[in-house]
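Read through the structure below, which is laid out as structure tokens, and then see the notes.
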Amino acid sequence: MGSDAELQREFFEFIQQSMDCLPKMSATSSRLLTGNDTQLQALEDELQAWYETAAGINQTATKSALVLNSGYHANIGILPALTALPVKTVILADKLVHASMIDGIKLSESKRCLYRRYRHNDYAHLATMLMQVEEDVERIIIVTESIFSMDGDRADLPALVKLKAIDSRIELYVDEAHAVGVLGAQGLGLAEETNTLADIDYLVGTFGKAFASVGAYILCDKIVKSWLINQMRPLIFSTALPPINHAWTRFILAKMPQLQTRRQHLAQISLQLSQAISPEYRVASAAKDPIYESPIVPYILGDNARTMTKAKQLQDAGFYALPIRPPTVPTNTSRIRLVLNAAITHAECERLIMQLSI
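Residues 68 to 425 in the working numbering are what the sequence shown spells out, letter by letter.
In structure tokens:
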């Protein structure tokens, strides 16, 4: 989407036709001052309607969207704000959640809030940890990504929803940054695809990936939204994004439900690539069960020097393939992080596969 020249021309034409109500170029201050522009408010309303339509929730439901400046701002701000309540809380986070989520969790740590990590996608381990939570704990927040940024594998959202049903204290916090726009019939992500939208308490998404824009959002209870507006420091003390950015995001959002053919093609080439990679170079879970997980396909080489050499070879062949090394990923798991897009053809994918085999 970010390199689609036709789409960009269409947006500029749309802006030119709206000269009488052009979006402002700057918010000039925080949302709590002059930054709460009409474009921003319209974007939140449209996000809420998008999700409620897919989830089958009545328009009078309590779910509401709050737009933020970035995924990092979202994850370092939401959890500390939630845990500022005088409620004894335990956060249980997947071992491989994004750095921004880890930072948010650490900022939440206090006498009232403790955090623990469960093994990656190991829900038996998580279930054991849930049983060990002290009786005086009033709230348990399970934190996960839906598509994990480095391994490209999926969380089992239905399994997490089942665990949530066991204890009324449990809430689910799911970051859909790498799934929004890519998965689901309407492009709403893994929660839409697995029919778990209505079961997630705090659903975070971003505009910096499939949306080819900037910013992030959370879908949550209206009361929670009000609390975040008044407690979330990255929102309170940051200048809001320019209204022109929100206009672009709204433009893309309106097109998302129409892009199912592109999403299907992306799934096909992602599976084509994943199945062609030898198990020794793949994430263990993907090697056992070669199904479509996401457009993120890691090619794990382990050694840093070997990874750098392979990245250079792929770049020389015309593929923008970047090496990922520790501390971004665990020691001895250096990799080429292959992220596909819907503009890539099957022939180009085959050429990439050939280069990987050299």
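Note that beta-carbon positions come from the ideal geometry of N, C-alpha and C, so glycine has one too.
ask   = Taking the continuous alpha helix (DSSP H) assigned at E260, which residues delimit it?
value = Membership of E260 in the alpha helix (DSSP H) is indicated by the continuous run 257-260.
ask   = Is the stretch 361-375 in contact with the stretch 314-326, if contact means three or more CB pairs nearer than 8 Å?
value = The stretch 361-375 makes no contact with the stretch 314-326, as fewer than three CB pairs between them are under 8 Å.
request  = Would you grab the beta carbon distance between T195 and V241 for me? Rounded to a whole angstrom, and I think it's under 8 Å.
outcome  = No, T195 and V241 are not in contact; Cβ-Cβ is about 21 Å, not under 8 Å.
query = Taking Y348 as the reference, which of P365, E119, L340 has the closest Cα?
reply = Checked all of P365, E119, L340; the closest Cα to Y348 is P365.
ask   = If you drop the 5 nearest sequence neighbours on each side, which residues of the same chain put their C-beta closer than 8 Å to that of T101?
value = Taking C-beta separations shorter than 8 Å and ignoring five residues to either side along the sequence, the partners of T101 in its chain run A94, T95, following chain order.
message = Does A246 come out as helix, strand or coil in the three-state DSSP assignment?
response = Assignment of A246 by DSSP, reduced to helix, strand and coil, places it in the coil class.
key: Assigned secondary structure, T400 (DSSP; H/G/I helix, E/B strand, else coil)   = Of the three classes helix, strand and coil, the one that applies to T400 here is coil, per DSSP.
ask   = Using the C-alpha atoms, what's the distance from P346 back to T127?
value = Confidence at T127 is low in this model, with a pLDDT of 48, below 50, so its placement is unreliable and the value that follows should be read with caution. Counting only the Cα atoms, P346 lies some 49 Å from T127.
task = Note down, in chain order, each residue of its chain lying with its Cβ closer than 6 Å to the Cβ of A409, except the 5 sequence neighbours on either side.
result = Its chain contains R329, H332, L333 as the residues whose beta carbon lies nearer than 6 Å to that of A409, once the 5 sequence neighbours on both sides are disregarded; these appear in chain order.
message = Distance check for N142 and P153, CA to CA, integer angstroms please.
response = Going by the C-alpha atoms only, they are around 20 Å apart.
query = Going by other Cβ atoms of all chains shown within 10 Å of its Cβ, with 16 needed for buried, is D427 buried or exposed?
reply = A query on residue 427 cannot be resolved here, the shown segment of the chain reaching from 68 to 425 and no further.
query = According to DSSP, what are the bridge partners of V157?
reply = The partner list for V157 (beta bridge, DSSP) reads L181, I207.
Minimum length 4: unbroken alpha helix (DSSP H) runs contained in the stretch 86-142 = Fully enclosed alpha helix (DSSP H) runs of 4 or longer: 105-122.
inquiry  = Distance check for A414 and R172, CA to CA, integer angstroms please.
reply    = Before going on, a small fix: residue 172 reads as Ile here, not Arg. About 43 Å.
task = List the DSSP bridge partners of I285.
result = Looking at the DSSP assignment, I285 forms a beta bridge with L133, V271.
ask   = To the nearest whole angstrom, what separates the beta carbons of S97 and F274, a pair I think is in contact under 8 Å?
value = Taking the Cβ atoms as the reference, S97 lies roughly 19 Å from F274, outside the contact range of under 8 Å.
request  = Please work out which residues of its chain come closer than 8 Å, Cβ to Cβ, to A378, disregarding the five sequence neighbours upstream and downstream, and give them in chain order.
outcome  = Excluding residues within five positions, the ones whose Cβ falls inside 8 Å are A388, L389, P390, I403.
task = Report yes if the C-beta distance between L302 and I296 is below 8 Å; otherwise report no.
result = A contact, by the Cβ cut-off of 8 Å.
key: Closest Cα partner of M198 within the set G256, V157, N188   = Put simply, of G256, V157, N188 the residue whose alpha carbon is nearest the alpha carbon of M198 is V157.
inquiry  = Using 8 Å as the threshold, is the C-beta distance between Y284 and V406 below it?
reply    = Cβ distance not < 8 Å, so Y284 and V406 don't count as in contact.
For G444, the residue or residues it bridges with in DSSP = Absent from the structure is residue 444, since the part of the chain shown begins at 68 and ends at 425.
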